[in-house]
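See below for the structure under consideration.
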Amino acid sequence: MKDPRMDKLADILINYATSLQPGEKILIEDRGFNRELVVAIVNHAYKAGGLPYVNLMDAQVERAMQRGATQDLWDWHARLDSARMRDCAAYIAIRGGDNAYETADVPDSQKRLYSVQYSQPVHSNIRVPHTKWVVLRYPSPAMAQQAGMSTEQFEDFYFKVCTLDYSRMSRAMDPLVRRMETADRVHIKGPGTDLRFSIKGQRAIKCDGRMNIPDGEIYTAPLLDSVEGVLQYNTPSLYQGKTHENIRFVFKKGQIVEATGSQQEALNNILNTDAGARYIGEFAIGVNPYITEPMKDTLFDEKISGSFHFTPGNCYDEAPNGNKSAVHWDLVCIQRQDYGGGEMWFDDELIRKDGLFVPADLQPLNPGAEKEEA
Numbered sequence: 002m003k004d005p006r007m008d009k010l011a012d013i014l015i016n017y018a019t020s021l022q023p024g025e026k027i028l029i030e031d032r033g034f035n036r037e038l039v040v041a042i043v044n045h046a047y048k049a050g051g052l053p054y055v056n057l058m059d060a061q062v063e064r065a066m067q068r069g070a071t072q073d074l075w076d077w078h079a080r081l082d083s084a085r086m087r088d089c090a091a092y093i094a095i096r097g098g099d100n101a102y103e104t105a106d107v108p109d110s111q112k113r114l115y116s117v118q119y120s121q122p123v124h125s126n127i128r129v130p131h132t133k134w135v136v137l138r139y140p141s142p143a144m145a146q147q148a149g150m151s152t153e154q155f156e157d158f159y160f161k162v163c164t165l166d167y168s169r170m171s172r173a174m175d176p177l178v179r180r181m182e183t184a185d186r187v188h189i190k191g192p193g194t195d196l197r198f199s200i201k202g203q204r205a206i207k208c209d210g211r212m213n214i215p216d217g218e219i220y221t222a223p224l225l226d227s228v229e230g231v232l233q234y235n236t237p238s239l240y241q242g243k244t245h246e247n248i249r250f251v252f253k254k255g256q257i258v259e260a261t262g263s264q265q266e267a268l269n270n271i272l273n274t275d276a277g278a279r280y281i282g283e284f285a286i287g288v289n290p291y292i293t294e295p296m297k298d299t300l301f302d303e304k305i306s307g308s309f310h311f312t313p314g315n316c317y318d319e320a321p322n323g324n325k326s327a328v329h330w331d332l333v334c335i336q337r338q339d340y341g342g343g344e345m346w347f348d349d350e351l352i353r354k355d356g357l358f359v360p361a362d363l364q365p366l367n368p369g370a371e372k373e374e375a
């Protein structure tokens, strides 16, 4: 039997997240052969009058490609796929498979080659700034295991966070957007963390179900040379097939001058990808009330209620600070009491304490407020 929640999700993806219009071309990329969801998305694309193109991918094949690829090969792939991406108005990526660590044994040099020669020109330079895009996962047993849940429990959680009322969340985000766009100095304090930077004059972008599913963050970018201090992350991150824990950065004049963590060599190899990888391209605040615990999946973890992420690498064109890089690595710090607490200040005003917003106009973003309004 068809799962009606799958149809509801596909409807959100086509008619809300990408707002597909008649005659628009949409590229649907599926990593993991999630047939039921892809079929539902295609059907809704047709109903909207769109022109779908489906590209099926496999993690084991991608691993084999990355291990043996040369610069010439990725240049060729990038030319072909760049042309296709430029021809599309919208893009949906479904990322889900059996093994999140499939590329763990791909050499760092080969991962860097893929990032620089393929991912950056196709995705960072074309897809992100020029299409209506959305990225999501598929609720596989492997993801349930990663989250420490039964398969059925994880499916219920997945559909709850992916099909929430994003229009209500969007309205609640507006006061935080205004505060971020009028703020100058940001000061973040917590266990092992004393971080200062400026966001003066920067745009703040609310992510309310139109870029990622699940969603729930507001992002901007610090002024490039303004970041000073120490940041101790407290959330594990799975990146390029390796789990990184206890990452700690020391900043001087915007640059990461010291980086330590559980994967010390791999961590610094990533930060040495290019000149921009040691600068911050994004500062974002997570507000999804239903996502509370990390599961080593960035699409979920960066939305955790009471968290923020501070991202080494490429900035977004919507909130630019001039940083360009093949790297964009969303590293998360949770500031709730159960994770050690912490404070976030804009100029001289306490904005959030121990993961909860303090000013009255921001309190609708606190967990539980969505139930009160309903």
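Mind the numbering: the sequence shown is residues 2 to 375 in my numbering, read in order. All C-beta atoms in this analysis are idealised placements derived from N, C-alpha and C, irrespective of residue type, glycine included.
Where residue i falls: helix, strand or coil (DSSP)
{"i": "arginine 1", "result": "There is no way to answer for residue 1, as the model of the chain reaches only from 2 to 375."}
{"i": "alanine 375", "result": "Confidence in alanine 375 is poor, its pLDDT being 41 and thus under 50, which makes the residue's placement unreliable; the coordinate value appears in the next sentence. In the structure shown, alanine 375 sits in coil (DSSP, three-state: anything other than H, G, I, E or B)."}
{"i": "asparagine 44", "result": "helix"}
{"i": "methionine 296", "result": "coil"}
{"i": "tyrosine 317", "result": "coil"}
{"i": "arginine 353", "result": "strand"}
{"i": "lysine 112", "result": "helix"}
{"i": "leucine 239", "result": "strand"}
{"i": "tryptophan 346", "result": "strand"}
Same chain, Cβ closer than 6 Å to residue i, neighbours up to 5 away in sequence not counted
{"i": "tyrosine 54", "result": "Leu28"}
{"i": "methionine 345", "result": "Ile189, Ile352 and Arg353"}
{"i": "leucine 177", "result": "Ile219 and Leu363"}
{"i": "proline 365", "result": "Ala173"}
{"i": "arginine 211", "result": "Ala18"}
{"i": "aspartate 226", "result": "Lys254 and Gly255"}
{"i": "phenylalanine 198", "result": "Val187, Pro223, Ser227 and Val228"}
{"i": "glutamate 182", "result": "Ala205"}
Strand pairing of residue i, partner residues [DSSP]
{"i": "histidine 56", "result": "Here residue 56 turns out to be asparagine, not histidine, going by the sequence shown. Paired residue(s): Glu30."}
{"i": "glycine 230", "result": "Leu196 and Phe252"}
{"i": "lysine 133", "result": "Ala91"}
{"i": "threonine 244", "result": "Leu239"}
{"i": "isoleucine 335", "result": "Ser308"}
{"i": "arginine 138", "result": "Arg96"}
Other residues of its chain near residue i: CB distance less than 7 Å, five sequence neighbours each side excluded
{"i": "glutamate 218", "result": "Cys208, Ala285, Ile286, Gly287, Val288, Glu303 and Lys304"}
{"i": "isoleucine 42", "result": "Ala11, Leu14, Ile15, Ile29 and Ile93"}
{"i": "alanine 375", "result": "At alanine 375, the pLDDT of 41 sits below 50, so the modelled position is not reliable; the number obtained from the coordinates is stated separately. So no residue of the chain qualifies."}
{"i": "glutamate 373", "result": "At glutamate 373 the pLDDT is 48, less than 50, meaning the model places this residue with poor confidence; the figure from the coordinates comes in the next sentence. Nothing meets the Cβ criterion."}
Minimum Cβ-Cβ distance from residue i to chain C less than 8 Å
{"i": "valine 178", "result": "Within the model displayed, chain C is absent; a lone protein chain is all it includes."}
Cut-off 8 Å between Cβ atoms - residues of its own chain near residue i, not counting five sequence neighbours on either side
{"i": "aspartate 318", "result": "Val129 and Pro130"}
{"i": "alanine 370", "result": "Ala173, Pro290 and Gln364"}
- Item | Complete alpha helix (DSSP H) runs within the region 15-39 (minimum length 4 residues, chain order) | none
- Minimum length 3: unbroken beta strand (DSSP E) runs contained in the region 152-221: 186-191, 194-199, 206-208 and 218-221
- Task: Enumerate, from N- to C-terminal direction, the unbroken alpha helix (DSSP H) stretches of 4 or more residues contained entirely within the region 249-293.
- Result: 265-272
- Touching or not, the region 252-260 and the region 280-290, by the rule of three or more beta carbon pairs under 8 Å? yes
- Query: Counting Cβ pairs closer than 8 Å, one from the region 108-123 and one from the region 322-335, do we hit at least three?
  - Reply: yes
- Query: With a cut-off of 8 Å, do at least 3 Cβ pairs link the region 257-277 to the region 182-197?
  - Reply: no
- Count the CB pairs spanning the region 44-51 and the region 67-87 that are closer than 8 Å, and state whether there are at least three. no
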